[in-house]
Amino acid sequence: MANDSPQPTTQPVQQTVVIKEKQGWSLGTRILLWLIAIVVIVSVIAVLTLSVAVLDTPTGNSFPYTTTYRVSIPDSQPISIGSSKILVLTMGNEVDTSVDGVKERLAVGQERTISARYARISALGMPVIDTDFQIVLKYIGSSGSNALFDMRVMTSRQVPEILIRQIIPPGMGAQPI
Numbered sequence: 569m570a571n572d573s574p575q576p577t578t579q580p581v582q583q584t585v586v587i588k589e590k591q592g593w594s595l596g597t598r599i600l601l602w603l604i605a606i607v608v609i610v611s612v613i614a615v616l617t618l619s620v621a622v623l624d625t626p627t628g629n630s631f632p633y634t635t636t637y638r639v640s641i642p643d644s645q646p647i648s649i650g651s652s653k654i655l656v657l658t659m660g661n662e663v664d665t666s667v668d669g670v671k672e673r674l675a676v677g678q679e680r681t682i683s684a685r686y687a688r689i690s691a692l693g694m695p696v697i698d699t700d701f702q703i704v705l706k707y708i709g710s711s712g713s714n715a716l717f718d719m720r721v722m723t724s725r726q727v728p729e730i731l732i733r734q735i736i737p738p739g740m741g742a743q744p745i
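Now the structure itself:
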């Protein structure tokens with residue numbers, strides 16, 4: 569028993585580890601979120617201030633861009649598309665149309681062209697797009713107390729659909745086709 573002395577046992581030393589948790593977002597993240605919020609707010613205000621001014625004097629006569637909608641015009645109720653006042657009266661397979669006081673009778677499949685107009689579309693009080701446009705209505709029949717038309721909106725410049733819809737009254741139930 570030469571070496572019977574108790575050996576000191578090594579006990580692990582307890583170490584305290586402090587983990588710092590980051591409080592909140594970094595400066596870069598906060599700046600990015602503020603920029604996104606500002607862009608969203610300005611975009612919403614721009615859409616809310618969207619306006620269309622329609623004049624009777626077009627600047628040209630070429631309409632290379634066309635968007636077509638199926639529309640329903642209420643019988644005997646005047647509506648406005650752009651600056652044109654339209655009134656229809658259905659009778660069987662025909663419809664009497666009055667556009668700005670000029671009357672014309674259409675049978676199913678016939679078209680009526682509304683004279684060209686000039687539109688200035690503005691947002692936040694500043695002009696966004698200037699374009700000439702012309703509308704062609706093709707009578708396709710009646711449904712209840714409504715006259716159904718395929719309406720072609722032809723423009724001199726390419727215009728986003730959200731802006732074209734600004735000249736179409738919501739009561740027409742315009743559906744792109």
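Quick note: the sequence shown uses the working numbering, first residue 569, plus one each step.
Where is the CB? At the ideal position from N, CA and C, for every residue including glycine.
Just so it is clear, the structure is predicted and the values come from calculations on it, not from any experiment.
For residue i, which three-state DSSP category applies?
{"i": "residue 642", "result": "strand"}
{"i": "residue 738", "result": "helix"}
{"i": "residue 615", "result": "helix"}
{"i": "residue 704", "result": "strand"}
{"i": "residue 597", "result": "helix"}
{"i": "residue 654", "result": "strand"}
{"i": "residue 604", "result": "helix"}
{"i": "residue 689", "result": "strand"}
{"i": "residue 745", "result": "coil"}
{"i": "residue 585", "result": "coil"}
Which two residues bound the contiguous alpha helix (DSSP H) that contains residue i?
{"i": "residue 713", "result": "Counting along the chain, residue 713 falls outside any alpha helix (DSSP H), and DSSP gives it neither H nor E."}
{"i": "residue 732", "result": "729-732"}
Report the residue from the options whose alpha carbon sits nearest the alpha carbon of residue i.
{"i": "residue 669", "options": "663, 616, 646, 650", "result": "646"}
{"i": "residue 678", "options": "728, 690, 665", "result": "665"}
{"i": "residue 725", "options": "635, 605, 594", "result": "635"}
{"i": "residue 676", "options": "682, 660, 667", "result": "660"}
{"i": "residue 694", "options": "593, 618, 594", "result": "618"}
{"i": "residue 732", "options": "717, 703, 680", "result": "703"}
{"i": "residue 739", "options": "582, 720, 672, 640", "result": "640"}
{"i": "residue 613", "options": "719, 603, 736, 691", "result": "691"}
{"i": "residue 728", "options": "593, 696, 607, 606", "result": "696"}
Out of curiosity, what's the CA-to-CA distance linking residue i and residue j?
{"i": "residue 633", "j": "residue 712", "result": "32 Å"}
{"i": "residue 701", "j": "residue 686", "result": "6 Å"}
{"i": "residue 714", "j": "residue 638", "result": "12 Å"}
{"i": "residue 620", "j": "residue 689", "result": "5 Å"}
{"i": "residue 684", "j": "residue 600", "result": "46 Å"}
{"i": "residue 642", "j": "residue 708", "result": "14 Å"}
{"i": "residue 653", "j": "residue 624", "result": "13 Å"}
{"i": "residue 721", "j": "residue 598", "result": "45 Å"}
{"i": "residue 650", "j": "residue 605", "result": "34 Å"}
{"i": "residue 622", "j": "residue 596", "result": "45 Å"}
{"i": "residue 667", "j": "residue 603", "result": "48 Å"}
{"i": "residue 674", "j": "residue 734", "result": "27 Å"}
{"i": "residue 615", "j": "residue 698", "result": "17 Å"}
{"i": "residue 718", "j": "residue 610", "result": "35 Å"}
Mind checking which residues open and close the beta strand (DSSP E) that includes residue i?
{"i": "residue 648", "result": "647-649"}
{"i": "residue 665", "result": "662-667"}
{"i": "residue 673", "result": "670-675"}
Taking the beta carbon of residue i as the centre, do at least 16 other beta carbons fall within 10 Å, making it buried, or is it exposed?
{"i": "residue 742", "result": "buried"}
{"i": "residue 627", "result": "exposed"}
{"i": "residue 681", "result": "exposed"}
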